[in-house]
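Presented below is the structure to which this report refers.
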């Protein structure tokens, strides 16, 4: 089944403890991206990747890192999480950058 | 303000009625996409309309695009309770590499 998977789905952590949220797609898509969703602010793009080893900042990249070593995987790294990063995170992929986006199920992160 | 802004922010209708939501954007676009999100879950793609298209249909959905007014509308006909969700429009900005979403329209369809 064609899909985007994210792990973990739920995470509660403490300030400053490094964490990684994984994202994987099995559709051989070139474009992948991360979003955060906050009440009243909609979805905001954190980082995107046009292809392997090609990543760029979205609208809210501060406090996040990404890597794209393989086409299928696009992990989101929070090196020192802070409470303002408490949010619902979505990974998405598409065949080409302007094509239909396929979203993962989301990761709900709480930073205490 | 955001590249894509939906209007209204919230809409409540009775089952069987039509629902119309609008999206305005600021810069030129390659295409405009509509997505649906059920409470707290992942977004599901509904329709993609290209800048050279004016109208597109998919089942009970009809999307129009007016590039001169930089606006789009999504019409859901004969709504059902299962259509209750948030609806977002999205466009590519920043040279076409960044996908920007509006803040969405919350649709509630009551029995």
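Protein chains in written order, with the numbering used here: chain A, 227 to 338; chain B, 578 to 688.
Ideal Cβ positions, reconstructed from N, Cα and C, are used throughout, including at glycine.
Which same chain residues, not among the five before or five after residue i, have their C-beta less than 8 Å away from its C-beta?
i	result
residue 669 of chain B	606, 607, 608, 675, 676, 677
residue 328 of chain A	228, 229, 230, 251, 253, 255, 318, 319, 320
Just confirm the distance between the C-beta atoms of residue i and residue j, as a whole number of angstroms; I'd bet it's less than 8 Å.
i	j	result
residue 592 of chain B	residue 688 of chain B	5 Å
residue 680 of chain B	residue 245 of chain A	Wrong, their Cβ atoms sit about 27 Å apart, outside the cutoff.
residue 666 of chain B	residue 583 of chain B	6 Å
For residue i, which residues in the same chain have their Cβ closer than 6 Å to its Cβ, ignoring the five residues on either side in sequence?
i	result
residue 258 of chain A	275, 300, 319
residue 248 of chain A	233, 301
residue 314 of chain A	263, 332, 334
Closer than 7 Å by C-beta to residue i: which residues in its own chain qualify, once you throw out the five before and the five after it? Chain order, please.
i	result
residue 283 of chain A	273
residue 312 of chain A	335, 336, 337
residue 579 of chain B	Reliability fails at residue 579 of chain B, whose pLDDT of 42 lies under 50, so the model's placement of it is uncertain and the value that follows must be treated cautiously. Taken in chain order, the residues that qualify are 677, 679, 680.
residue 326 of chain A	320
Are residue i and residue j closer than 9 Å when you measure CB to CB?
i	j	result
residue 685 of chain B	residue 654 of chain B	no
residue 663 of chain B	residue 601 of chain B	no
residue 619 of chain B	residue 330 of chain A	yes
residue 650 of chain B	residue 641 of chain B	yes
residue 586 of chain B	residue 683 of chain B	yes
residue 303 of chain A	residue 295 of chain A	no
residue 656 of chain B	residue 639 of chain B	no
Ends of the beta strand (DSSP E) at residue i?
i	result
residue 592 of chain B	Per DSSP, residue 592 of chain B belongs to no beta strand (DSSP E) and is neither H nor E.
residue 640 of chain B	638 to 643
residue 583 of chain B	582 to 584
residue 606 of chain B	No beta strand (DSSP E) holds residue 606 of chain B; DSSP gives it neither H nor E.
residue 258 of chain A	257 to 264
Using a C-beta to C-beta distance shorter than 8 Å, which residues of chain A count as neighbours of residue i?
i	result
residue 680 of chain B	266, 267, 268
Mind pulling the chain B residues with CB within less than 8 Å of residue i?
i	result
residue 327 of chain A	610, 612, 620, 622, 667, 676
Let me check you understand the geometry: is the CB of residue i closer than 8 Å to at least one non-hydrogen atom of the ligand FMN?
i	result
residue 255 of chain A	Summarising the ligand content, the structure contains no ligands, and the ligand FMN is consequently not present.
List the residues of chain B whose Cβ lies closer than 9 Å to the Cβ of residue i, in chain order.
i	result
residue 316 of chain A	619, 620
Under 7 Å between beta-carbons, which chain A residues line up against residue i? List them in chain order, please.
i	result
residue 607 of chain B	324
residue 642 of chain B	Chain A residues near residue 642 of chain B: none, gap ~15 Å exceeds 7 Å.
Would a check of beta-carbon distances place residue i closer than 9 Å to chain E?
i	result
residue 251 of chain A	Absence of chain E from the displayed structure is noted, the protein chains being A and B.
By the criterion of Cβ-Cβ separation under 9 Å, what are the contact partners of residue i in chain A?
i	result
residue 689 of chain B	The structure shown does not extend to residue 689 of chain B, since chain B spans only 578 to 688, so no value can be given for it.
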